[in-house]
Structure formats: structure tokens, C-alpha cells
Amino acid sequence: MSKKSVVVIDDCAFHLQLVREILEPAGYEVITAESPIAANTHIFKTPPPSLLLVDVEMPMINGVEKVRLLKKREASRSIPALLMSTKSTQEMAALAADSGADGFLCKPFKKDDLLREVDRYI
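If you're matching positions, the sequence shown starts at 119 in our numbering and goes up one per residue.
See below:
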């Protein structure tokens, strides 16, 4: 059985490394991208990733719009996507619903919270 892959999209290198340090020891393959556009190479591959973790606040195209576009495409709509942000839980719930995201994580998150949410959607 191959490792489950998680594509993490965040313009902050610190957050990319933090997620990698939490998920890789738990057995996940972590693929990082510093922009939504750079992530396309990893999203539209065969087999597709098991999960997307997408930061909300990014330049050019924000995470909400990226997830909205992915959920409209046949090739990517079935990939679970979680939004990540420092926004409040109430704001994040609204953004997730608006974008079609499967869920969300509020930053800063605890290791156990990240693992629980990733496990829930994979």
C-alpha cells in the first residue's frame, strides 16, 4: 500500500515545514507548494493526492478561490480540501461553505488537531 499524499499550499515556508514535520512521521507523503498555481502540477497527477491543505490568505489567487475552482473541475472535485487560516472559527466555517471545502483548520493549530483532521478526510 502506498503512502497517502497530502498537498500543502501556503505562501509561508514556516507553515509548510511545520505541516511536513507533523505529517511525515505519521506516515503521510507531504508535497508542498508556495502558491496555488505551483500546486497544479501535484494536484492534476495520477493518482491524485489524498488531501489538499490550502491556506486562505495568499497573493494572486487566495485559497478560497483556489478550492472553489478545484471543486468545479471533474479531475479534482473529489479530492478532499481543507482551508487553513488565522481567521475565527465562524469566519472559517463560512469560507469553507462558500468555497466547497470539506473542512477547515484555524491557525495556529495543535499537532493533534492537524492529525485528527487529516485522518478524518483520508
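Think of the CB as a built atom: it goes at the ideal place given N, C-alpha and C, for glycine as much as any other residue.
Of the residues the options, which one's Cα is nearest the Cα of residue i?
| i | options | result |
| --- | --- | --- |
| Pro143 | Lys121, Glu209, Leu187, Arg191 | Lys121 |
| Leu188 | Thr207, Ser203, Pro167 | Pro167 |
| Gly145 | Ser123, Glu152, Leu134 | Ser123 |
| Leu136 | Tyr239, Ile240, Leu232 | Leu232 |
| Tyr239 | Ser206, Ala199, Met210, His133 | Ala199 |
| Ile127 | Ile140, Asp173, Glu147, Thr159 | Asp173 |
| Phe227 | Leu213, Thr204, Arg191, Phe132 | Thr204 |
| Pro177 | Cys130, Ile140, Asp220, Glu235 | Cys130 |
| Leu213 | Glu183, Lys163, Glu139, Thr150 | Glu183 |
Leaving aside the five residues before and after residue i along the sequence, list all residues of the same chain whose C-beta is less than 8 Å from its C-beta, in chain order.
| i | result |
| --- | --- |
| Ile161 | Val125, Pro167, Leu170, Leu188, Ser194, Ile197 |
For residue i, count neighbouring Cβ atoms within 10 angstroms of its own Cβ and tell me buried if that reaches 16, exposed if not.
| i | result |
| --- | --- |
| Ser206 | exposed |
| Ala157 | buried |
So what's residue i in DSSP terms, helix, strand or just coil?
| i | result |
| --- | --- |
| Ala199 | strand |
| Gly218 | coil |
Apart from the five residues just before and just after residue i, which ones in its own chain have a Cβ nearer than 7 Å to its Cβ?
| i | result |
| --- | --- |
| Asn180 | Val174 |
Here's a check: name, in chain order, each residue in its chain whose Cβ is nearer than 6 Å to the Cβ of residue i, leaving out the five neighbours to either side.
| i | result |
| --- | --- |
| Glu147 | Lys121, Ser123 |
Legend entry - Runs of alpha helix (DSSP H) lying entirely within the stretch 124 to 174, each at least 4 residues, in chain order: 131 to 141, 154 to 161
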